[in-house]
Amino acid sequence: MESRPRDLAPHDWRVAVLATVADDGKPDARSIVLREVEAGERQLVFYTDARSPKVQQIASTPEGTLIFWSPRLAWQLRMQVRLAVQESGLAVSSRWAKLQTHAGAAEYLAACAPGSPLDAPLVDLGTRSHFAMITALVESVDWTETHPEGHRRALFGNGGPKWLQP
């Protein structure tokens with residue numbers, strides 16, 4: 012497993028939109044930060060607060076859609092993924108050990124869960140980490156290139172690659 016979060020920082024694919032299904036059956040989408048890519052395993056890794064609504068959504072319905080956009084390439088990647096959340100274990104504790112010394116660790120130490128109402132914009136830090144890891148197993152990739160001379164689109168999945176009408 013190769014993980015290089017710092018190498019991804021300036022990359023076009025660093026931020027994606029993750030769409031899941033909310034408890035009321037409606038779609039719920041948010042931007043998330045790609046932390047690691049395990050290409051051989053077709054797996055992407057993201058971090059989250061274990062109290063985030065998306066954690067329960069993934070537990071209820073582990074399928075989701077990820078959308079990445081590269082303005083430089085004018086490419087959209089739309090991925091169908093199978094999601095899993097890990098809140099404990101070696102994979103989580105080793106990543107938390109590296110992250111907890113950085114300023115971004117405060118996001119996982121907040122006393123309140125994500126989306127909680129606050130009296131002021133500053134968040135008090137708690138004493139317990141709520142760090143969790145989301146893994147996304149890529150089942151298919153719908154690639155679209157937008158180009159002034161014509162768009163192109165292809166699907167990469169279990170049936171092999173095939174061209175699609177954009």
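With the numbering used here as the guide, the letters of the sequence shown map in order to residues 12 to 177. Every residue gets a Cβ at the ideal spot worked out from N, C-alpha and C, and that includes glycine. Just so you know, these numbers come straight off a predicted model, no measurement behind them.
Shown here for W174: same chain residues with a beta carbon closer than 6 Å to its own, the five before and five after excluded, namely A165 in chain order. Close CB contacts of M90 within its chain, under the 6 Å cut and outside five residues either way in sequence, are with L77, V149 and V152 (chain order). In the displayed model, D23 falls within a helix according to three-state DSSP.
The DSSP-derived three-state label of E150 is strand.
DSSP places K65 within a helical segment (H, G or I) once states are collapsed to three. Measuring C-alpha to C-alpha distances from G126 to each of T72, D39, P64 and G36 identifies P64 as the nearest. The region 21-41 makes no contact with the region 95-115; the number of CB pairs closer than 8 Å stays below 3. Sixteen is the threshold: since fewer than 16 other Cβ atoms of the shown chains lie within 10 Å of the Cβ of A124, the residue is exposed. In the structure shown, G75 falls within a strand segment according to DSSP collapsed to helix, strand and coil.
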